[in-house]
Each structure stands twice: as C-alpha cells, then as structure tokens.
Amino acid sequence: MKLTVCIGSSCHLKGARQVVEGFQALIAENHLEDKVELTGTFCLGNCQNGVSVKVDDELFSVQPEICKSFFEEHIIAKLGD
Amino acid sequence: MNNLCTDIGYSSINKSGEELCGDHIDIAEQGETSTVVVLADGLGSGVKASILSTLTSKIISTMLAAGLGIEDCVSTIASTLPICSMHKVAYSTFTIIHIVNGEEAEIIQYDNPNVILLRDGKSVDYPTNTLHIGEKEILRTKIPIYENDLLIAMSDGVPHAGIGLSYNFGWQRSDIIDFLATFFYADFPAKTLSTVLLDECVKLYEGKPGDDATVCVVKIKKRVPMNLIIGPPSSPDDCDKMMSLFFSKEGKHIVCGGTTSTIAAGYLRKPLIPRLDYIDPDIPPTAEIEGVDLVTEGVITINKVLSYAKDYLRDNEGYRDRIYKRDGASQIARLLFEEATDINLFVGTAVNPAQQNPALPINFSIKMRLMEELADCLKKMGKKVKLSYF
C-alpha cells in the first residue's frame, strides 16, 4: 500500500510535517514498514483542503489532529481486509 | 573581456576612543567589467580625517570611473580639500586599485603601505613607475591579473599594529604576508579575509587601536553563473518557453516551488522524487530531479533565504550555521551568496488560487515582493542579478 503526503507550500503551512511524522510513528508502532510505503509529493492540486494525502490513488484531506483515526480507519482496516 | 570578475571586501577599525573612522573606501563600477576601488586615509583622526578621506576617495573613484586621468584627479583633490587649521595642509593618502576589463590591474599608490599581491599564496613583486604630480610622488603599476589573485590594500594603521607592544617596530609587511598566506587554502571570500586580518590587528593593538586601520581585499575570481526559477508562468502555454530559456542558461539550476518542479520534471521527462526528511522543522523538504542541481519548495524556503541574505548583509552572524546545514534554504543561500557571481532569476507570475487565502502568509503579492527584495540583497552583495518575469 502506498501512502503519499503532499509537502507543498500550502500543505506545509497546514501541518504536513506533523502528518508525516504522525504516519511515521504509527507505521513503526504497528510494525507495518513492509506493508506501507510512505512517500512525499509536491502539489496534488487540492491546496484548499490540505493536508492532501493519497492512499494508493484515492485522495483525502488529513489534518494533523485526525492523523491517528485516519490511519486506523483507512490503513489498518484496509490492510486487514 | 574574459570571464574574470572581482570579489571586493573591506573592513575598518577606529582609533581607540574615536567614533568616526578617518579611513574611507569608495568603489565605483565602470561599465560591466571594470571597477575602481579607492582607499583613502585622512590626516589625523576623527571627524577631520573622515571628511578628508571621504572626499578624496569619492572624488578619485568618480573621476577615474568617468575616464579622467590620475593627474586631473590629484589636482582636483589638491584644490578641493579643506585645509586643516592646525597642520596648514590638506592631506589624505590614497591607494587606487583599478581593475580594467577583468584583465589588468592598475595600481596607483600615494603614501599608503604598498599593496600586497598574492598569487598562489605567495607574494609577488610588481614593477612600479614614479610619477611626479605637483609636489607629490605617486607610484603607478600596470599588471595582468589571473584567477585567484589577491590584492590587499591597507592604511598605515595595519603595519603600525603592535608597535611597542607585541613588536618593536609594528607588524612588518613580511609578517602580514606570512599571516595572509596561511589562509590561502581556506579560500575565504574577500570580506572574511579582511575581517580576519583586522581581528589580528586589534589583537596586536591589545584591543586599543592607536590609529584607524582599514583593509581592502580584491579577489580575482572566475564568473560563476547561477539560475533560479520560481513559479509557473502566468499563461500555461508559456511553460515550455520558460523552461527552455531557463535550462539553456549556463551554470547551475535551482528549481523552487511544488508546481514549478512538477513542470520542470515534465519538461525534462525525468521523475520528481520528493524527500521526506525535515532537517529544519520550518523548511519543507527538498526533492530531486535528474539534471537539476537543487529542487526545493517555493515561498516558505525563499522567505528563509531572504532572512539569511539580510543577516549576511548586516553582521553575518548566521554564517556558522549556514555553511553546513542541509535544508533547502541553507543550500540555496550557499549557492547564491558564496558560489555565484552572476544570477538569473526566473519568476513565474501565475496566481495559485489556493494561496490567495488570507489565512495563509504566502499570497501572490508577497511572492513578488520576496523576489524583488532578494534581488536587491544579492545586488548589495556585489552580484550581477537579472530578474525576468513570465
């Protein structure tokens, strides 16, 4: 599974770094290093709704506060399927 | 004309207890490739000396840069300078370094310590002719210059450092040369070298300079072109045009901005690989595109570069951090401030609708202002800057 976080200017200001660090911690915590590939990307053209995050090819908006619940709902749950 | 240019740096210290420096340096550009640097040391110290040296250096640099001869300059000074009521003379010694077309140095010296020429870290003796203008005996030299030559002019406060303290007869010319030669491999910029030399002077004076002291370093270096692009063009149809102009320029290429780097990667048909390491928490990570020397985020990074530029021009306090840090802004700062001599800035004027949100500190007008301010700072550093909008 590929998890991509936008690190462009707008998303940076909306907390991209916290989201990246949140995902890094959650991946380590759940030992998913070999299942989830975390990468960055520049602008996804969705600046108004930052922070832009893509799970495989599906686009989401993730604020730093909902990082954990998002990860549980969209990553862990899907991996369990 | 060839591809050599000058890096000029100078520093002064005041005689202990004086608020003004009696030495003055004036630099005048003459066309694209010639420069006149004048170091003048006014008689005495304090305000009188300051007036004499300021007038002398300004008159000479302006007249020489306008193409007038040294004889005219000297007679103008003789008839212009105010006469000191105490000493009954109008007097300021001077050293002129005139770099002509990046090929030749004309050195004209009147009563200041002789200019030191260091080539490959060794002092080189140069021939001089003596001119008699009025009562004055003036030394004149014309020599070809080469890459990495260092010309060091100074006022007599420098060799007088340490008289009766560390040395009986002051800091001898040969000792100054030995001191300078130790920094040859460090390859310091001119400004740093002049500061290092004066710091040593202050030490020899034991913190209380007995005279004003000034050092001016002229370093001959190769032109290093550098290109930076930020922002997509206002019309998407111009993307290819803007990119082809940018990438056809000689020198290194820096691409700033998410959308801009996506366009650059598309133009080069190479993948854009962002990194995720936050070296500095405030600066977004850099990315990589094959064929581009540096890829960074746009506005936030450039904003930081601008604050570094202002620091560089003020007191250069952040220097120690900037020389090794690997975040995008520090890398841009090193390339622009230290490496480059000629900088092309390509600024795209497309408006990113998402950034027009008043809650975000990065709207369009801020971006334009940032680039103008940065261009100004770079010019103050002595770089040749060309700003183009698309």
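Just so you know, the sequences run in chain order A and B.
In terms of numbering that gives the first Met the number 0, the first sequence has 79 at position 80, counting the first letter as 1, and numbering is strictly consecutive.
In terms of numbering that gives the first Met the number 0, the second sequence has 190 at position 191, counting the first letter as 1, and numbering is strictly consecutive.
Ideal Cβ placement from N, Cα and C applies to all residues, glycine included.
Keep in mind it's a predicted model, so treat the numbers as computed, not measured.
Can you list the residues of chain A that residue i reaches, using a CB-CB cut of under 8 Å?
{"i": "serine 260/B", "result": "Phe41"}
{"i": "glutamate 296/B", "result": "Ile6, Gly7, Ser8, His11, Phe41"}
May I have the straight-line CA-CA distance separating residue i from residue j, to the nearest angstrom?
{"i": "phenylalanine 245/B", "j": "phenylalanine 345/B", "result": "7 Å"}
{"i": "leucine 42/B", "j": "serine 91/B", "result": "6 Å"}
{"i": "aspartate 292/B", "j": "serine 364/B", "result": "28 Å"}
{"i": "isoleucine 175/B", "j": "serine 193/B", "result": "12 Å"}
{"i": "leucine 80/B", "j": "threonine 53/B", "result": "10 Å"}
{"i": "phenylalanine 336/B", "j": "valine 350/B", "result": "28 Å"}
{"i": "aspartate 177/B", "j": "proline 126/B", "result": "21 Å"}
{"i": "lysine 190/B", "j": "leucine 149/B", "result": "12 Å"}
{"i": "alanine 65/B", "j": "cysteine 42/A", "result": "52 Å"}
{"i": "glycine 290/B", "j": "leucine 267/B", "result": "8 Å"}
{"i": "threonine 3/A", "j": "glutamate 72/A", "result": "16 Å"}
{"i": "methionine 0/B", "j": "lysine 57/B", "result": "Bear in mind that a pLDDT of 46 at methionine 0/B, under 50, signals an unreliable position, so the number given afterwards is only what the model happens to contain. Answer to the nearest angstrom: the Cα atoms are 26 Å apart."}
{"i": "asparagine 147/B", "j": "valine 123/B", "result": "13 Å"}
{"i": "glycine 39/A", "j": "methionine 0/A", "result": "14 Å"}
{"i": "cysteine 5/A", "j": "alanine 15/A", "result": "7 Å"}
{"i": "cysteine 20/B", "j": "proline 208/B", "result": "12 Å"}
{"i": "asparagine 45/A", "j": "alanine 76/A", "result": "25 Å"}
{"i": "valine 217/B", "j": "isoleucine 95/B", "result": "11 Å"}
{"i": "methionine 380/B", "j": "phenylalanine 22/A", "result": "43 Å"}
{"i": "serine 233/B", "j": "serine 387/B", "result": "13 Å"}
{"i": "threonine 129/B", "j": "tyrosine 109/B", "result": "10 Å"}
{"i": "alanine 328/B", "j": "alanine 212/B", "result": "36 Å"}
Give the residues of chain B in contact with residue i, contact being defined as C-beta atoms less than 8 Å apart.
{"i": "valine 19/A", "result": "Leu275, Tyr277"}
{"i": "leucine 37/A", "result": "Leu275"}
My output table needs one value for residue i: the three-state DSSP class, helix, strand or coil.
{"i": "valine 294/B", "result": "strand"}
{"i": "methionine 0/B", "result": "Because the pLDDT at methionine 0/B is just 46, under 50, the model does not fix this residue reliably, and the value given afterwards should be weighed accordingly. The answer is coil: DSSP assigns methionine 0/B none of H, G, I, E or B."}
{"i": "proline 232/B", "result": "coil"}
{"i": "asparagine 147/B", "result": "coil"}
{"i": "lysine 47/B", "result": "helix"}
{"i": "tyrosine 388/B", "result": "strand"}
{"i": "threonine 127/B", "result": "coil"}
{"i": "cysteine 72/B", "result": "helix"}
{"i": "isoleucine 282/B", "result": "coil"}
For residue i, return the contacting residues in chain B, with the cut-off set at a CB-CB distance below 7 Å.
{"i": "cysteine 66/A", "result": "Those within 7 Å of cysteine 66/A in chain B number zero; the least Cβ separation is about 15 Å."}
{"i": "isoleucine 2/A", "result": "Here residue 2/A turns out to be leucine, not isoleucine, going by the sequence shown. In chain order: nothing, as chain B lies at least about 11 Å away."}
List, in order along the chain, the chain A residues whose C-beta lies closer than 9 Å to that of residue i?
{"i": "asparagine 351/B", "result": "Ser8, Ser9, Cys42, Cys46"}
{"i": "leucine 271/B", "result": "Thr40, Phe41"}
Mind pulling the chain A residues with CB within less than 7 Å of residue i?
{"i": "glycine 257/B", "result": "Gly7, Ser8, Phe41, Cys42"}
{"i": "alanine 27/B", "result": "Result: empty, since nearest Cβ-Cβ is about 41 Å, beyond 7 Å."}
Under 8 Å by Cβ, that's how I've got residue i and residue j pegged, so tell me the actual separation to the nearest angstrom.
{"i": "isoleucine 219/B", "j": "methionine 242/B", "result": "Wrong, their Cβ atoms sit about 34 Å apart, outside the cutoff."}
{"i": "valine 35/B", "j": "serine 60/B", "result": "5 Å"}
> Between the region 245-264 of chain B and the region 369-377 of chain B, do three or more beta carbon pairs fall short of 8 Å?
Replying inline: no
>> I'd like to know if the region 216-226 of chain B and the region 11-27 of chain B are in contact, where contact means that at least 3 CB-CB pairs between them fall below 8 Å.
In response: no
> Can you find at least 3 beta carbon pairs, one from the region 53-65 of chain A and one from the region 24-33 of chain A, that sit closer than 8 Å?
Replying inline: no
>> Pairs of beta-carbons, one from the region 268-288 of chain B and one from the region 9-19 of chain A, closer than 8 Å: are there three or more?
In response: yes
>> Check whether the region 96-114 of chain B and the region 129-149 of chain B touch, using three or more Cβ-Cβ pairs below 8 Å as the test.
In response: yes
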